[in-house]
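**Student:**
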Ligand code: NAD
Ligand code: TYD
C-alpha cells in the first residue's frame with residue numbers, strides 16, 4: 001500500500017512513519033513536508049535507510065509540486081498531517097496558518113481528486129469544538145465553535161475535506177484528536193516547553209490561573225488510532241480520538257516540577273492567552289466501537305518516558321532551539 005504522508009517530519013507525522021516502518025508490513029511511505037521550523041529531518045533519522053521510505057521537500061500549497069509527487073507515487077492513500085499546528089503562533093501570525101491549513105489542504109484535496117486516490121485521511125483536532133462546558137463531552141456531531149485562528153483553520157479544512165466526500169464521493173475521513181504529548185514534540189507546546197525549561201532551570205510560564213483543562217493523549221496511541229481509521233474507518237466519517245485523561249494545566253506543570261527536582265517557585269504566572277479555551281473534553285466511543293481502538297499509555301508512564309527522552313536527547317533540543325526559536329520565545333513570553 002503506497003502512502004503519501006504530509007507533515008511526516010513533524011511531531012505526530014514522524015511518530016506515525018516510525019510506527020508503520022517499525023515492523024514488516026505492507027506500507028511504502030513518501031513523506032511530503034515543507035520543513036518549516038516544526039519539520040525536522042532528525043525525527044525521521046530512525047527510518048532514513050529503510051527502502052520503504054522516501055522524502056520529498058515540498059509545500060502542500062504548491063499545486064505543481066503536489067501534483068508531481070502524486071503522479072510519481074500514485075498513492076493508494078494520503079494521510080494529511082501537515083499544518084501550522086500551534087495556537088500561540090496562530091495568534092501572533094495567522095497568515096501562514098490560513099495559507100497552509102486551508103489553502104494547502106484544498107490543494108492536496110484537488111490533487112487527490114484528480115488522481116482518484118482511494119483513501120484521504122485528514123488529521124484534525126478536538127479544538128474545532130471550542131471550549132466545552134462541564135459536564136459535557138463533544139462527540140463527532142458537536143457544533144464547531146473554534147476560538148483561535150488555528151482551530152478555525154482546522155474547522156474550515158475539516159469541512160472542506162468532508163465536502164469532497166459529499167460532493168465528489170472522494171473517500172475522505174477526518175480524525176479529531178485531543179492534546180498529544182511524547183518524544184520529538186517541538187518545545188513550543190505545553191509539555192515539551194515545560195520539560196525543556198525545567199531541565200534548563202528556567203521559569204515555567206503558566207497562562208492565567210492554570211486551571212484550563214486538556215485531555216492528554218500519548219502520541220503513539222494517536223498514531224495507532226490513525227492507522228485503525230485508515231484501515232477500518234468509513235468514508236465520509238469523523239472520528240474523535242481522546243486520551244481519556246483530563247488534567248488542569250497547573251497539575252501537569254506540577255508533575256513536571258516533581259519529576260525534574262524543581263520547586264513551585266519556578267512557576268511564573270503570565271498574562272492569559274487571548275480567546276483561551278477553558279476546557280476540552282471529547283468522547284472516542286465511536287472509534288472504539290468501530291475499530292476496537294483504546295488508548296494504552298497511562299499518563300504517568302507516558303510523562304515519565306517523555307521526560308526521560310528529553311533528558312537523554314539534549315542535542316535534539318539544542319538543534320531545534322535555534323535563533324528563530326529564541327525570537328519566537330521572546331515575542332510570546334518576554335513581554336507577556
Ligand atoms: P508539527 O507542527 O509538529 O508538524 C507539522 C509538520 O507539517 C512539520 O513537519 C512541518 O514542516 C509540516 N508543514 C507545515 N506547513 C507545511 C506546508 N505548507 N507544506 C508541507 N509541510 C508543511 O505538528 P504536529 O503536532 O505533529 O501535528 C500534526 C497534525 O496533527 C496537525 O494537522 C495538527 O493540527 C494535528 N493535531 C495535533 C495535535 C497536537 O497535540 N500536537 C492534536 C490534534 C491534532
Ligand atoms: P498548547 O500545548 O499550546 O496546546 P493547545 O493550546 O492547542 O491546547 O497548550 C496547552 C495548554 O497549556 C493551553 O491551555 C495553554 C497552556 N499553556 C501554558 O499555560 N503555558 C505555555 O507556555 C503554553 C505553551 C501553554
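Residue numbers (the working numbering): 1 to 336. Yeah, the Cβ is synthetic: ideal placement off N, Cα and C, and Gly gets one too. Since the structure is predicted, the reported quantities are computational estimates derived from the model, not experimental observations.
1. By the three-class DSSP mapping on this structure, what secondary structure does residue 326 have?
2. Along the chain, where does the beta strand (DSSP E) that runs through residue 56 open and close?
3. How is residue 42 classed by DSSP in three states: helix, strand or coil?
4. Going by DSSP, what residue range makes up the beta strand (DSSP E) through residue 30?
5. On the DSSP bridge assignment, give the partners of residue 187 in chain order.
6. For the ligand NAD, is there a heavy atom less than 6 angstroms away from the beta-carbon of residue 47?
7. Does the Cβ of residue 138 lie closer than 6 angstroms to at least one heavy atom of the ligand NAD?
8. Starting from the N-terminal side, write out each stretch of the beta strand (DSSP E) that is 3 residues or longer and does not extend beyond the region 45 to 124.
9. From this set, 189, 285, 81, which residue's C-alpha is nearest residue 325's C-alpha?
10. Run through DSSP, which three-state label would residue 313 get?
11. Suppose the cutoff is 6 angstroms on Cβ atoms and the five residues either side in sequence are ignored; what does the same chain contact list for residue 76 look like?
12. Closer than 6 angstroms to a non-hydrogen atom of the ligand TYD - does that hold for the CB of residue 212?
13. Would you mind stating whether residue 273 and residue 131 have Cβ atoms separated by less than 7 angstroms?
14. What are the boundary residues of the alpha helix (DSSP H) that residue 202 is part of?
**Tutor:** Considering the structure as presented:
1. Position 326 of the chain shown, counted from the start, is the residue given in the question as residue 326. Residue state, collapsed to three classes: helix.
2. Counting from 1 along the chain shown, the entry for residue 56 is found at position 56. That run of the beta strand (DSSP E) goes 53 to 57.
3. Mapped onto the chain shown, residue 42 falls at position 42. The answer is helix: DSSP assigns residue 42 an H, G or I state.
4. Along the chain shown, read from residue 1 onward, the residue named residue 30 stands at position 30. Segment 28 to 33, the beta strand (DSSP E) holding residue 30.
5. Numbered from 1 along the chain shown, position 187 holds the residue referred to as residue 187. Bridge partners of residue 187 according to DSSP: none are assigned.
6. Your numbering for residue 47 matches position 47 in the chain shown. Not under cutoff, so the answer is no.
7. For the purposes of this step, residue 138 is taken as residue 138 along the chain shown, with counting starting at 1. Not under cutoff, so the answer is no.
8. The region 45 to 124 is shown to contain whole beta strand (DSSP E) runs of 3 or more residues at 53 to 57, 77 to 80, in chain order.
9. Your numbering for residue 325 matches position 325 in the chain shown. The shortest Cα separation from residue 325 among 189, 285, 81 belongs to 189.
10. Position 313 of the chain shown holds residue 313. Three-state DSSP puts residue 313 in coil, outside helix and strand.
11. The residue labelled residue 76 in the question sits at position 76 within the chain shown. For residue 76, where only same-chain residues beyond five positions count, the Cβ hits under 6 angstroms are 1, 2, 118.
12. What you label residue 212 is simply residue 212 of the chain shown in a count that begins at 1. Within 6 angstroms of the C-beta of residue 212 there is at least one heavy atom belonging to the ligand TYD.
13. In the chain shown, the residue the question calls residue 273 occupies position 273. In the chain shown, the residue the question calls residue 131 occupies position 131. No, these two residues do not count as a Cβ contact at 7 angstroms.
14. The sequence position of residue 202 within the chain shown is 202, counting from 1. First-last for residue 202: undefined, no H or E at that position.
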